Amino acid sequence: ASARPEDVKRLTGVLEGLHAAPPGEGAAPVDAATLAQLQALGYMPGSSGGVDPFTLPDPTEFGPLLKGVDSLSRSRGISATVAEEKLNELLRMKPDAYELRMRKSHSLVKQGRIDEARVFVEETAAMFPDDARPFVQLAGMAMEDGNPTRALEYTGRALDISPTDRLARELAVESQLRAGLAEDAIASGTVWFEEDPANLGLAAALGRFWLYKRDYARAEGYLRGATA
C-alpha cells in the first residue's frame, strides 16, 4: 500500500462503488459446482466444525484439481466406473480431499465392491476422526451386511462426535430394533423425535415399529408426520 498509493486509491474507489459488505454479511448462495470445488480443497467445513483460515491451502496451487472437480460436478449420467476413474485422478492430486473420498466410496458401493468401499471409508474415518459422516456411512454398510451390533458401534461413535446428527440417530434406532433392543430404541427414538420432529427418517422408523406392534394410533401419528 505504501509503495503503490495510486493503486490503493483506485481500488478503494472500486470497492466503494460495489458497496462491498464486510466478510460474512449478505453472503450470496453458492452453486453446486463451486461448493464441490471448495469442499474438495478443504475450504468448506464438514459436520465437525470450522476451518482455521491460517492453515488453508493456496488456491493457486490447485488449478488442475479445480478444473477436474468442476468437470466432475457438472457431469451427468456417467457410469460409476468412469466416475471412479475421474475421482482416482483427482485424489492423486489431493489424497485428503474429504468430499472426493466420500464420492469414491459411493462409487465403489454402486459397483458392488462393498469390501473395498468399507476399507476406503475406514481409512477416511481415520483421516477425519472428528467428522461423523464416515462413521454414519459405515453404520449403514453394517446394516446392509445384516450386522446391527456393528452398526450400533459406528452410530455410537458418530453420535459422540455429532450428538444431533439426524441420520446417525435414525440408524441407531434401526440398529437397536434389529438387534432386539426395542426398549432402548423406543426410549431414545422418542426423546430424539421430540427434540427434532423434522427428522422424518426417525418418524418412519418409530411408525413402522408401532405398526408391527399393532399399536395403530401411535403408528399413524408417526407415519403421518413422516409423510407430511
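In terms of the numbering used here, the sequence shown is residues 35 to 262. Just so you know, even glycine gets a beta-carbon here, dropped at the ideal spot from N, CA and C. As the structure is a prediction and not an experimental result, all values here were calculated from the model.
{"Check": "Straight-line gap, Asp230 to Lys43 (C-alpha atoms, nearest Å)", "Outcome": "52 Å"}
{"Check": "Host alpha helix (DSSP H) of Arg147 (start-end)", "Outcome": "Taken as a continuous stretch (DSSP letters only), Arg147 belongs to no alpha helix (DSSP H), as it is neither H nor E."}
{"Check": "Contacts around Phe169, its chain only, beta-carbon distance under 8 Å, and the 5 residues preceding and following it disregarded", "Outcome": "Ala159, Tyr188, Thr189, Arg191, Ala192, Ile195, Ala202"}
{"Check": "Residue burial classification, Leu45 (beta-carbon count within 10 angstroms, cutoff 16)", "Outcome": "exposed"}
{"Check": "Backbone secondary structure at Gly214 - three-state DSSP", "Outcome": "coil"}
{"Check": "Cβ neighbour criterion (16 or more within 10 Å) applied to Met161", "Outcome": "exposed"}
{"Check": "Helix, strand or coil at Asp194 according to DSSP, with G and I counted as helix", "Outcome": "helix"}
{"Check": "Validate contact between the segment 145-155 and the segment 121-134 using beta carbons, cut 8 Å, 3 pairs", "Outcome": "no"}
{"Check": "Buried or exposed (CB count within 10 angstroms, at least 16 for buried), Gly223", "Outcome": "buried"}
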